[in-house]
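Chains as they are written, first to last, in numbering that gives the first Met the number 0: chain A, 0 to 236; chain B, 0 to 236. Backbone N, C-alpha and C define an ideal beta-carbon position, used for all residues, glycine too. The structure under discussion appears below in the form of structure tokens.
2 protein chains.
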Amino acid sequence: MTARQDVQQADVPAICKSCEARQDGLCGAFNARQLAVLAKASSRHEVPAGTELPDDGTYSNLLSGVVKLTRNLSDGRQQIVGFHFAPDFLGRPFEAKKRIRAEALTNVALCSFPKAIIDRMANEMPELGRLLLKHTLNELDEARDWMAALGRKTASEKVASFLLMVARNTDPAHHPASPISFDLPLTRTDIADFLGLTIETVSRELSRLRSDGTIRIVNKRQISLASMAQLEERCGD
Amino acid sequence: MTARQDVQQADVPAICKSCEARQDGLCGAFNARQLAVLAKASSRHEVPAGTELPDDGTYSNLLSGVVKLTRNLSDGRQQIVGFHFAPDFLGRPFEAKKRIRAEALTNVALCSFPKAIIDRMANEMPELGRLLLKHTLNELDEARDWMAALGRKTASEKVASFLLMVARNTDPAHHPASPISFDLPLTRTDIADFLGLTIETVSRELSRLRSDGTIRIVNKRQISLASMAQLEERCGD
DNA sequence: GAGTCGCCTTGATCGAGATCAAGGTTTTGC
DNA sequence: GCAAAACCTTGATCTCGATCAAGGCGACTC
Chain A
0 MTARQDVQQA DVPAICKSCE ARQDGLCGAF NARQLAVLAK ASSRHEVPAG
50 TELPDDGTYS NLLSGVVKLT RNLSDGRQQI VGFHFAPDFL GRPFEAKKRI
100 RAEALTNVAL CSFPKAIIDR MANEMPELGR LLLKHTLNEL DEARDWMAAL
150 GRKTASEKVA SFLLMVARNT DPAHHPASPI SFDLPLTRTD IADFLGLTIE
200 TVSRELSRLR SDGTIRIVNK RQISLASMAQ LEERCGD
Chain B
0 MTARQDVQQA DVPAICKSCE ARQDGLCGAF NARQLAVLAK ASSRHEVPAG
50 TELPDDGTYS NLLSGVVKLT RNLSDGRQQI VGFHFAPDFL GRPFEAKKRI
100 RAEALTNVAL CSFPKAIIDR MANEMPELGR LLLKHTLNEL DEARDWMAAL
150 GRKTASEKVA SFLLMVARNT DPAHHPASPI SFDLPLTRTD IADFLGLTIE
200 TVSRELSRLR SDGTIRIVNK RQISLASMAQ LEERCGD
């Protein structure tokens, strides 16, 4: 990986070192000239956990950390409607009708680009538009999966599905039959707000999965699984 | 409107008469030459209620009728994850990971185009790509609104929100304070599968809204409202 | 190291919505 | 027009997950 980073640095101008090294987010779609333009306009940010990410019209590659998207009802009830894990691409090309807040769940590193530059490039570069569309369609698929979970799964199926989602995002290439452990980047309140449950129910279902032997709870935030396949059986789909 | 239709027919070659007259779906984005190409490749279909719309790689303008999108869990539990009302644009540019079925709820009229033609045009026409992206982002916003409803609203808020959604799609320009009546294009089972409830609960909540005086139930499928504003108060958001 | 605060767990009880059950109404087919 | 089927409503009861309540466990502060 260090070798690859060196090659990248020799081949193309820097956007920001982390972006470039990992070809994060959209960066893989650009040629050397475009990367040079982006490099000048980009800026790197470190954002501490708990910060709201303002919708200031910029686009960003999420280099590390986890971001939650929330929708609130008028009386304060909250629903988490999505997560972004590194190396997702953040930002919205057009205005949203309803307000969705984005907040850093963990410390987050971003590489940001002004909207105008990306939009201009998208106009002269159909490949970029297709990539944005593909990203958005994936988000739509995920949202619909969670609609099915919210509407039709039991509490324990919801919790199992959630753990599986985090595990998959932690290590997308992980073999389903082998053990894995990972940190939950969320409080019980966040998990509840995502699954449409209360914190007590989340806690009880986690305890039940532990006494089942399906999961081990190391440290409140750290979970380890004998296998993802075992959880998949409890997901209902 | 008839006047406008005449102008359109004089200006540009026909895609199919209905598309053209209403500038449905994506047709408003094309110039005369492109419309001519599309016209040759397009075909009009009438699909009876209850038919599954196969994901055959074509794109379609939905000229009339309502389409539901469903996700099923392994044991048959069903969640409706979205609707398409005329004049939506149907079709998916890339492969979906999980299977979502599309089914006509009412009789449906479609104007279909081969995928290859649209994809080629999207490559040489950034405007079209942006339009597709915009459509997809709207779908994403809607999906997230329903996530919030599924996760955090009570049964009566869900039913009120649903009625409001149908009312708005029936007549998008309707004044919120004036009376409106519309047909529900769904059975109670479909409503329940959309709201994550049982048919009995849907039926009871509709009865309650009727005895409240918020709605009138004319004919099981036909609802009339004194005002949309009254329902909005019961939506929770 | 005592006290406070934030977060989590567990138990007891409650209630919204599910399930079970019966009957009514509309549609369909002959 | 009648019978059957599909769909809808309403009532009785049950259950899953919410709510209420108490206490545990770390992480800070002083």
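Between residue i and residue j, is the Cβ-Cβ spacing less than 8 angstroms?
| i | j | result |
| --- | --- | --- |
| A/S155 | A/R215 | no |
| B/I79 | B/F181 | no |
| B/A85 | B/L61 | yes |
| A/K114 | A/G56 | yes |
| B/T69 | A/L136 | no |
| B/K67 | B/E102 | yes |
| A/S177 | A/S111 | no |
| A/P171 | A/L131 | no |
| B/G195 | B/L149 | yes |
| B/E204 | B/V158 | yes |
| B/E201 | B/R187 | The question names Glu, yet the displayed sequence has Val at residue 201 of chain B. Cβ distance < 8 angstroms, so B/V201 and B/R187 count as in contact. |
| A/L151 | B/L72 | It should be pointed out that residue 151 of chain A corresponds to Arg in this sequence rather than to Leu. For A/R151 and B/L72, yes; Cβs fall inside 8 angstroms. |
| A/A225 | B/L139 | no |
| A/A40 | A/I116 | yes |
Does residue i have its Cβ less than 8 angstroms from a Cβ in chain A?
| i | result |
| --- | --- |
| B/E232 | no |
| B/D140 | yes |
| B/P178 | no |
| B/V165 | no |
| B/A95 | yes |
| B/C131 | Residue identity check: residue 131 of chain B is Leu in the sequence provided, not Cys. So, interface residue. |
| B/A115 | no |
| B/G27 | no |
| B/P125 | yes |
| B/G195 | yes |
| B/G128 | yes |
Is DSSP giving residue i helix, strand or coil here?
| i | result |
| --- | --- |
| B/A101 | strand |
| A/E231 | helix |
| B/D5 | Residue placement at B/D5 is flagged as unreliable, the pLDDT there being 40, under the threshold of 50; a coordinate-derived value is accordingly withheld. |
| A/V201 | helix |
| A/E45 | strand |
| A/E51 | strand |
| B/S206 | helix |
| B/L196 | coil |
| B/G81 | strand |
Under 8 angstroms between C-beta atoms, does residue i make it to chain B?
| i | result |
| --- | --- |
| A/G75 | no |
| A/N122 | yes |
| A/D144 | yes |
| A/G235 | yes |
| A/I99 | yes |
| A/V80 | yes |
| A/A147 | yes |
| A/T135 | yes |
| A/R70 | yes |
| A/R3 | Here A/R3 scores only 44 on pLDDT, less than 50, and its place in the model is too uncertain to base an answer on. |
| A/G56 | no |
| A/R151 | yes |
| A/P53 | no |
| A/R91 | yes |
What are the boundary residues of the alpha helix (DSSP H) that includes residue i?
| i | result |
| --- | --- |
| A/L183 | Here A/L183 belongs to no alpha helix (DSSP H), and DSSP marks it neither H nor E. |
| B/L25 | Where B/L25 is concerned, there is no enclosing alpha helix (DSSP H), given that its DSSP letter is neither H nor E. |
Would you mind reading off the limits of the beta strand (DSSP E) that contains residue i?
| i | result |
| --- | --- |
| B/V66 | 65-71 |
| B/R215 | 214-216 |
| A/F161 | Unbroken run through A/F161 is the alpha helix (DSSP H), 154-169; no beta strand (DSSP E). |
| B/L37 | Not the beta strand (DSSP E): B/L37 falls in the alpha helix (DSSP H), residues 31-40. |
| B/S177 | Neither: B/S177 is in no beta strand (DSSP E) and is coded neither H nor E. |
| B/S223 | 221-224 |
Measuring from the CB of residue i, is there a heavy atom of the ligand NAD at a distance below 7 angstroms?
| i | result |
| --- | --- |
| B/I116 | The ligand NAD is absent from the structure shown, which contains no ligand whatsoever. |
Beta strand (DSSP E) runs contained entirely in the stretch 105-134 of chain A, provided each spans 3 or more residues | 107-112
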